[in-house]
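Under the numbering used here, the very last position in the sequence shown is 1353; numbers go up by exactly one each time. Quick reminder that beta carbons are idealized off the backbone N, C-alpha and C, glycines included. Heads up: the structure comes next, in structure tokens.
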Amino acid sequence: MSLGPITLRRVVLAVLLAVAGGSLYLAGTLHDDSLTAGARSGVVRSVSPKPGSIQLRQTEVQVELDSTYAGELAINGTPIPDDQLAVIQGLYRISYTPGAGREIEALPAGDNCAVVRFRPVADTNGQPGSYRWCFSVQ
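Printed below as a string of structure tokens:
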């Protein structure tokens, strides 16, 4: 018993539609919304490395805040001194790259976590907030 050309075409189309539907489902369920959940107020605009990603030991750790906020960065519980942070004021992007003679010379292998503590620039008595994210280092 053999399949005719019309039946074979229908089977192939059905399989392709099933694969496409499964791909759409996976894309929707695997979406990383951890930043949205952790920063619902919109203060934290982006972080790098992405939560859960795998990085190298010298990778830059970066956070971008709403421009009306100031922030401090700590990595694995170690506060990074202001003079070692690269800050772009207009975007309020704070970044730190480990290196020789710096607070953290290299990120340790395994899990690493960064925390940004932020507060409104205009209101020094304003309620501070924080956001924490983790990534792995090879």
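Give every residue of the same chain whose Cβ lies closer than 7 Å to the Cβ of residue i, excluding the five residues on either side of it in the sequence, and list them in chain order.
{"i": "ALA1321", "result": "ARG1272, GLN1273, PRO1313"}
{"i": "GLY1243", "result": "No answer about GLY1243 holds up, because its pLDDT of 42 lies below 50 and its placement is not dependable."}
Use the C-beta contact count for residue i: other C-beta atoms within 10 angstroms, 16 or more gives buried, fewer gives exposed.
{"i": "LEU1223", "result": "exposed"}
{"i": "ASN1327", "result": "buried"}
{"i": "ARG1225", "result": "exposed"}
{"i": "LEU1280", "result": "buried"}
{"i": "ILE1295", "result": "buried"}
{"i": "PRO1343", "result": "exposed"}
{"i": "VAL1258", "result": "buried"}
Once DSSP output is grouped into helix, strand and coil, what is the label at residue i?
{"i": "ASP1338", "result": "coil"}
{"i": "GLN1304", "result": "coil"}
{"i": "LEU1288", "result": "strand"}
{"i": "GLN1353", "result": "coil"}
{"i": "TYR1280", "result": "The question names Tyr, yet the displayed sequence has Leu at residue 1280. Reduced to three states, the DSSP call for LEU1280 is strand."}
{"i": "GLN1270", "result": "strand"}
{"i": "ILE1221", "result": "helix"}
{"i": "LEU1315", "result": "First, the residue type needs correcting, since residue 1315 is Ala and not Leu in the sequence shown. Residue state, collapsed to three classes: coil."}
{"i": "ALA1329", "result": "strand"}
{"i": "VAL1230", "result": "helix"}
Beta-carbon within less than 6 Å of residue i's beta-carbon, same chain only, minus the 5 sequence neighbours each way: which residues are those?
{"i": "ALA1301", "result": "SER1310"}
Below 8 Å CB to CB, which residues in the same chain sit around residue i once its five sequence neighbours on both sides are set aside?
{"i": "ILE1269", "result": "PHE1350, SER1351, VAL1352, GLN1353"}
{"i": "ILE1221", "result": "none"}
Requested in this report: State whether the stretch 1275-1290 contacts the stretch 1326-1344, with contact taken as three or more CB pairs (one from each stretch) at a distance under 8 Å.
Outcome: Because the criterion of three Cβ pairs below 8 Å is met, the stretch 1275-1290 and the stretch 1326-1344 touch.
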